[in-house]
Every structure is written in structure tokens, then in C-alpha cells.
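Colleague: Protein chains in written order, with my numbering: chain A, 12 to 385; chain B, 15 to 264. Every residue, glycine too, gets a C-beta built ideally from N, C-alpha and C. These numbers were taken from a predicted model, which means no experiment stands behind them. Please see the structure below; I have some questions.
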């Protein structure tokens, strides 16, 4: 005890205030920094040199093919034949077909405006950083309504254009947004049912998830497209586009439900006990306490599934809808641009990359914001 | 304070007769008998595993019990029922690990009960919450998230959260066990202040100073049964939040 007391008393015995000061700033030259990061050990130096060489070699050929030797303007494929590199003329000549598919040419301003609406909704989402969730959700729901009104027409003196003529990038975005809008609430219901105490609800949830998840989406799409019209009376048939959206929404919900369930199960039981002690009912506990925490925990996994759902929209071509990948393919198949499929697919890949990067970037910024709280 | 008016001594808030609980085949509570009258502060002490936490959790309705009689605030809880927590009202519970909601600010933590359960208006709930926070010297932390608070501050916020529902009875399950010794005194001072205001409390603890300091009666539990009972100190004020343990060493 004696020694302990002395040790505890030491700092006071010194009698001087600790001299607090700012951390010294180390200013490193670019050269030192490069050396520290890329060449600090012999192994790192070797890896750096090898990687840089590989990038340089690949980069040289890519740049030569894509830019130096490429043809941008050509009225026909023959004009491209002279060029050694890429034939971007296939894009320049066909871009409207690639973006909007079979939509009547004189009405193409409608999908163009629609892309602008989606873009505006995205800019709004980024601007508010999903801080006001209800407003953000509202903006996107309005954009979906605008989509149907504008694309289909038949109102405000617009010529009616049935959904089988819709195509391209607006369809891809629309199907993605609708299936997620439908699927996410369903996923919450399924996850809550599966973790809850109501046996019948749990059974239905487990059955739906475990039956749908192992089946490939393409098979589910086929089944829905063929069976739903037979099962439903004509009046209730939502049409091909509606069937596809329901199918993709339910399929997405099955995966998303398992992600949310993982989040729900990660919430410490003490949170539920504290809620019960406050007198909250079971639905209040889910709505106010466990679900908000579970959704925060599962943002990374959810973004993952959203990216998958976005890319999965390219499967709807199998039931006869022309998404972006399909309209792009149509731009060169069955005509004289056939030799230049690589160029088209590269552009398709870049557009998908842009869309998925936007999603992941939104997810990251949401994560960063949530990390500041809680 | 309106919500902690001294009740006549005769009113009984908890009656426990021959309470039995098993976890599987383990007999966790064995013929427990306990009565708590309004205004009393009862400390339940005992070794780990003696059943004291189980008992207080039964009173809060959070645990199922198998046989016996358990009347809380005039309502008889049912044996073999896991839904007793829905019957219990007017009882606040404070946990060892605080269990504040991490995604809400302190203010939101405090208003959720009044708004969602007692259905009071948001502004009224905020006023009530601010009153409780200031009473526990936590007013400056209303807009902070729990993770930015010290353990002692979190526990005081949790106590304030329970008080916002104007409980007749407060249950404390090891309220200081998760805290560093230097932080325990803040919570102890808070509990002491509540005792002086006449709040009826049951405190499970193995911190004997806390028990001696604040309780009017100490109930000892051993191996699932209530053993001897000793009279504790009358509620005393143990200082300004630093000293604590006024009678602790005696």
C-alpha cells in the first residue's frame, strides 16, 4: 500500500505543468514521399518497377488502339476499315439507338428528358446526402411517376407509346429503381417476420426466401413471365414490364432480407430489453430501435446487393424487354457494323461502371455520415 | 417534485410470494419472498449467480418465472409468461450496460418513451427530458450521442430516460458495475439524490458501499434464496459528487 500511494502521488510531486504543444509538422518533398511509399524496401521497389512496366506496356497499346489509330467519324463501316485502331464511329452513328432503343425517333426527346429527370434526382440526392430521407425518397418516387407519364404518353396531348417500344438506358434505370422500391420494404417485412416470434409469418418468410434464392434469376423471370398471365385474370395482369418489375423486386427482396436479418441479429439484446422496460411495443421496437440500427450496420452489404440488382437488369432481355445492354447489342448486330462489337461493349461496360460507381460512392458517403453519429 | 411525492408508508409496490424460477434445470430463484413499500430503498446484495439480477428482471417483467406470486404496482404478473413486460407500468429499469440507443441523441433517448408510450406531445416530452437532465446535471449533453459520453454520464442519461416516464418504482441492475471506480461516485450521488426525493427503488449491486450508503434495507441473496435482511442507513446525502460512500467504511 505504501509504495502504491507513493507512485500515485508522483505526478503531483513533480510540480510542473506538462508542456503541451502542437505536433511538429514534417514537410516531405515529393521525392521522399515517393521513396517512402513505393521504394522503401527492395521487395517494394521490385514490385513497383514490375507493376509500372506492365501498366506502361498495356497502356501503350490501349492508348494507341483507342485514340491514336482510331476512327471517330465515318459514314459507313467501310470508312473505319482503313483505321488500325478502334472504330468509335459505330457509337457516334448509332448513339440514339444504343441509348433509347426502338423508341420512335421523332419522340426521342421524351427519354432524353427522362434521363435529365433521373440526373436531377441524383444530383438532389447527392446534395442533401440522404440527410432528409423522406424528401429524397419522395423525389425518386415522383421521378418514377414522371417516367411512366412521359414515356407512355396518352396524357397532356402526348402520343401514346406502349412499353414494348421503350428501351435502352431509361428502362435499365426504371426497372432497377422500381424493383428496389418494391423489394426493399418487402425485404424488411421478410427479415422481421423471419426473426420474429410469429410462427406462421416466420414459416412463410423462410419458405419464400429459401425457395427463391437458390433459383437463377433468369429462370424466375421466365416463370413469372409465362405463369403470371395464366394465374391472374387479365384485368390484374400488370403487363410484361410490370411482371418483370415484380419478379426482380421479389428476387431482390429475398437477398436483401437476409442482409437485414443479419443486421437485426447483430443488435445486442439489451437494446430490446431497454425498449421493453420503457414500455415500447414489438412493432415500435422494430421501427424505432432495432431496424434503424440494423439498416445502418448493413449499408455496405446493401450497396453490394444494389450493384448486383443494377447489373441483373440486363437479364430482362430474355423475356423480350430491351434494356441498355440489349439495345447496345442491337446497334451492331444484324447490320454492317457487326465487326465493331468490341467498341460497343467497351462503352456499355463504361456506362455500367459509371452507374455502379455512383451507387458505391453514395453508399460510402452515407456510411461516413452515419459513422459520425452513433 | 410532482413525480416523486413521498407516498404513505403503507402502500406496497412489490409483493413477492414463493417465487420460483428455473433456467433449464437450474433452480435460479428458490421460494423468494419480498415486499417493498413506497418510499423504501431496498438493496439486494449477494455473490455473482445468487439470483439477484434474475429477481429484479422478473420484477421488471423481462424474465419468465415458473411458480409463485408476483404483484408489481398492483398488477399480478403471470407465471409461465414471457410477455409480462407488457403488463408492468410505472416501473423504470436501469441496466448494468446502460443500454442507451446508440443511434439517437441523449434527448431522443429521453423523449422516445414519453412520445411513443405515454403519447405526450413532443414539446412536452422535450421539456420533461430537459428537466430530468438538469436535475442530474446532464443538461449540457442533451444533443450528444451516447458514444461520446463517459460511462458515468451514459448511466446518468439512462437513469434520466427512465425518470421521464414518471415511474413509481425504479429498478437498478448493477448500475455501477460497468464503471471505473472514479466514475461510480457520480452514479451513486444520483441514486442517493433520488432516495432523498423519496423515490422507491430496488438496487441490485455487489458494491457494498452503494448498498450501505443509499438503502433503507439490505436483502442478502445466496444460491437463489433470500437470506438475512439488515437495516441499511437512512437516506443521507453523501457529498457533492466527489466523495461518495459517506457511511461506506463503517
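1) Output, in chain order, the set of chain A residues within a Cβ distance shorter than 7 Å of residue 74 of chain B.
2) Could you tell me the distance, in whole angstroms, from the CA atom of residue 365 of chain A to the CA atom of residue 358 of chain A?
3) Would you kindly check if the distance between the Cβ of residue 222 of chain B and the Cβ of residue 58 of chain B is under 8 Å?
4) I believe residue 337 of chain A touches residue 328 of chain A by the beta-carbon criterion, under 8 Å. Please report the beta-carbon distance rounded to the nearest angstrom.
5) Determine the burial state of residue 154 of chain A: buried for a count of at least 16 other Cβ atoms within 10 Å of its Cβ, exposed for fewer.
6) To the nearest angstrom, how far is the alpha carbon of residue 75 of chain B from that of residue 83 of chain B?
7) Are the C-beta atoms of residue 121 of chain B and some chain A residue less than 8 Å apart?
8) Which residues in chain A have a C-beta closer than 9 Å to the C-beta of residue 126 of chain B? List them in chain order.
9) Can you find the residues in the same chain that come closer than 8 Å, C-beta to C-beta, to residue 55 of chain A, ignoring five residues on each side of it along the sequence?
10) Give me the Cα-Cα distance between residue 120 of chain B and residue 303 of chain A, rounded to the nearest whole angstrom.
11) Taking all protein chains shown into account, decide if residue 99 of chain B is buried (16 or more other Cβ within 10 angstroms of its Cβ) or exposed.
12) Please state if the CB of residue 363 of chain A and the CB of residue 322 of chain A are separated by a distance shorter than 8 Å.
13) Pull up the DSSP beta-bridge partners for residue 245 of chain B, would you.
14) Using a Cβ-Cβ distance under 8 Å, would residue 155 of chain B count as near chain A?
15) Confirm, please, whether the CB-CB distance from residue 126 of chain B to residue 299 of chain A is below 8 Å.
16) From residue 254 of chain B to residue 320 of chain A, what distance separates their C-alpha atoms?
17) Please return the same chain residues whose Cβ sits closer than 6 Å to the Cβ of residue 45 of chain B, not counting the five positions on each side in sequence.
18) Give the residues of chain A in contact with residue 208 of chain B, contact being defined as C-beta atoms less than 8 Å apart.
19) How close, in whole Å, do the beta carbons of residue 224 of chain B and residue 202 of chain B come, if the pair is a contact with beta carbons under 8 Å?
20) For residue 363 of chain A, name the three-state secondary structure that DSSP assigns.
21) Using Cβ-Cβ distances below 9 Å, what residues of the region 300 to 324 of chain A are close to chain B?
22) Smallest Cα separation from residue 335 of chain A: which of A:345, A:356 and A:235?
23) How would you label residue 40 of chain B, buried or exposed, when you count the other beta carbons within 10 angstroms and need 16 or more for buried?
24) Can you confirm whether residue 116 of chain B, when its beta carbon is compared against all beta carbons of chain A, has any partner nearer than 8 Å?
25) With a cut-off of 8 Å, does the C-beta of residue 282 of chain A fall near any C-beta of chain B?
26) If you reduce the DSSP assignment to three classes, tell me which class residue 134 of chain B lands in.
27) Under the three-state reduction of DSSP, which class applies to residue 57 of chain B: helix, strand or coil?
28) Can you tell which of A:260, A:79, A:100 and A:90 has its C-alpha closest to the C-alpha of residue 220 of chain A?
29) If you reduce the DSSP assignment to three classes, tell me which class residue 41 of chain B lands in.
30) Which residue comes first and which comes last in the beta strand (DSSP E) that contains residue 167 of chain A?
31) Could you check if residue 179 of chain B is buried or exposed, using at least 16 other CB atoms within 10 Å of its CB as the buried criterion?
32) Does the region 345 to 355 of chain A come close enough to the region 83 to 95 of chain A that 3 or more CB-CB pairs lie under 8 Å?
33) Looking at the strands, I want to know which residues DSSP matches up with residue 98 of chain A.
34) Just mark residue 184 of chain A as buried or exposed, buried being the case when its beta carbon has 16 or more other beta carbons within 10 Å.
35) Residue 99 of chain B touches chain A at which residues, Cβ-Cβ below 9 Å?
36) Going by beta-carbon coordinates alone, are residue 316 of chain A and residue 228 of chain A separated by less than 8 Å?
Modeller: In brief:
1) For the purposes of this step, residue 74 of chain B is taken as the residue at position 60 of the second chain. Below the 7 Å Cβ cutoff, chain A contributes 288 as neighbours of residue 74 of chain B, in chain order.
2) The residue you call residue 365 of chain A lines up with position 354 of the first chain. The residue you call residue 358 of chain A lines up with position 347 of the first chain. Residue 365 of chain A and residue 358 of chain A: Cα-Cα distance of roughly 10 Å.
3) Translated into positions along the second chain, residue 58 of chain B becomes position 44. Translated into positions along the second chain, residue 222 of chain B becomes position 208. Their beta carbons are not under 8 Å apart, which means residue 58 of chain B does not touch residue 222 of chain B by this criterion.
4) One-based indexing of the first chain puts residue 337 of chain A at position 326. One-based indexing of the first chain puts residue 328 of chain A at position 317. The distance from the Cβ of residue 337 of chain A to that of residue 328 of chain A is about 4 Å, consistent with a contact at the 8 Å cut-off.
5) The count along the first chain starts at 1 and reaches residue 154 of chain A at position 143. By the 10 Å Cβ count, residue 154 of chain A comes out buried.
6) Your numbering for residue 75 of chain B matches position 61 in the second chain. Your numbering for residue 83 of chain B matches position 69 in the second chain. Rounded to whole angstroms, residue 75 of chain B and residue 83 of chain B show a C-alpha spacing of 13 Å.
7) In the second chain, residue 121 of chain B corresponds to position 107, counting from 1. Between residue 121 of chain B and chain A, the shortest Cβ-Cβ separation is not below 8 Å.
8) For the purposes of this step, residue 126 of chain B is taken as the residue at position 112 of the second chain. In chain order: 286, 289, 291, 295, 299 and 300.
9) Residue numbering aside, residue 55 of chain A sits at position 44 when the first chain is read from its first letter. Exclusion of the five residues before and after residue 55 of chain A leaves 49 as the residues of its chain whose Cβ lies within less than 8 Å of its Cβ.
10) Translated into positions along the second chain, residue 120 of chain B becomes position 106. Translated into positions along the first chain, residue 303 of chain A becomes position 292. Those two C-alpha atoms are separated by around 16 Å.
11) To locate residue 99 of chain B, count along the second chain from 1; it is residue 85. Buried: at least 16 other Cβ atoms inside 10 Å.
12) Here residue 322 of chain A corresponds to residue number 311 of the first chain, with the count starting at 1. Here residue 363 of chain A corresponds to residue number 352 of the first chain, with the count starting at 1. It is a contact, given that the beta carbons lie within the stated cut-off.
13) What you label residue 245 of chain B is simply residue 231 of the second chain in a count that begins at 1. Its beta-bridge partners are B:231.
14) Mapped onto the second chain, residue 155 of chain B falls at position 141. Not one chain A Cβ lies under 8 Å of residue 155 of chain B.
15) Within the first chain, numbered from 1, the residue matching residue 299 of chain A stands at position 288. Within the second chain, numbered from 1, the residue matching residue 126 of chain B stands at position 112. In contact: residue 299 of chain A and residue 126 of chain B (Cβ atoms closer than 8 Å).
16) Translated into the one-based positions of the second chain, residue 254 of chain B becomes position 240. Translated into the one-based positions of the first chain, residue 320 of chain A becomes position 309. With a pLDDT of 40 at residue 254 of chain B, under the threshold of 50, the predicted position of this residue should be treated as unreliable, and no value is reported.
17) Counted from its first residue, the second chain places residue 45 of chain B at position 31. Result list for residue 45 of chain B: 32, in chain order.
18) Here residue 208 of chain B refers to the residue found at position 194 of the second chain. Simply none; closest approach about 17 Å.
19) The residue given as residue 224 of chain B occupies position 210 in the second chain. The residue given as residue 202 of chain B occupies position 188 in the second chain. Confirmed, about 6 Å.
20) Within the first chain, residue 363 of chain A is the residue found at index 352, counting from 1. Helix.
21) For the region 300 to 324 of chain A, which is checked against every Cβ of chain B, the residues closer than 9 Å are 300, 303, 304 and 307.
22) Translated into positions along the first chain, residue 335 of chain A becomes position 324. Checking every option, the nearest Cα to that of residue 335 of chain A belongs to A:356.
23) Reading the second chain from its first residue, position 26 is the one you call residue 40 of chain B. Residue 40 of chain B should be labelled exposed.
24) Within the second chain, the letter at position 102 stands for residue 116 of chain B. Using beta-carbon distances, residue 116 of chain B counts as an interface residue toward chain A, with a partner under 8 Å.
25) Numbered from its first residue, the first chain carries residue 282 of chain A at position 271. Residue 282 of chain A belongs to the set of residues whose beta carbon lies under 8 Å from a beta carbon in chain B.
26) Stepping through the second chain from its first residue, residue 134 of chain B is reached at position 120. Reduced to three states, the DSSP call for residue 134 of chain B is coil.
27) Here residue 57 of chain B refers to the residue found at position 43 when the second chain is read from its first residue. Strand, per DSSP.
28) Taking the first residue of the first chain as position 1, residue 220 of chain A is located at position 209. Closest by alpha carbon: A:260.
29) Within the second chain, numbered from 1, the residue matching residue 41 of chain B stands at position 27. Three-state DSSP puts residue 41 of chain B in a strand.
30) The residue you call residue 167 of chain A lines up with position 156 of the first chain. Neither: residue 167 of chain A is in no beta strand (DSSP E) and is coded neither H nor E.
31) Here the question's residue 179 of chain B lines up with position 165 in the second chain. Buried is the call here.
32) Short answer: they touch.
33) Taking the first chain and counting its residues from 1, the one referred to as residue 98 of chain A is at position 87. In the DSSP assignment, the residues bridged to residue 98 of chain A are A:82.
34) Within the first chain, residue 184 of chain A is the residue found at index 173, counting from 1. Counting Cβ neighbours within 10 Å, residue 184 of chain A comes out buried, since at least 16 surround it.
35) Locating residue 99 of chain B in the second chain gives position 85, where the first residue counts as 1. The answer, in chain order, is 284, 287, 288 and 290.
36) The residue given as residue 316 of chain A occupies position 305 in the first chain. The residue given as residue 228 of chain A occupies position 217 in the first chain. Contact: no.
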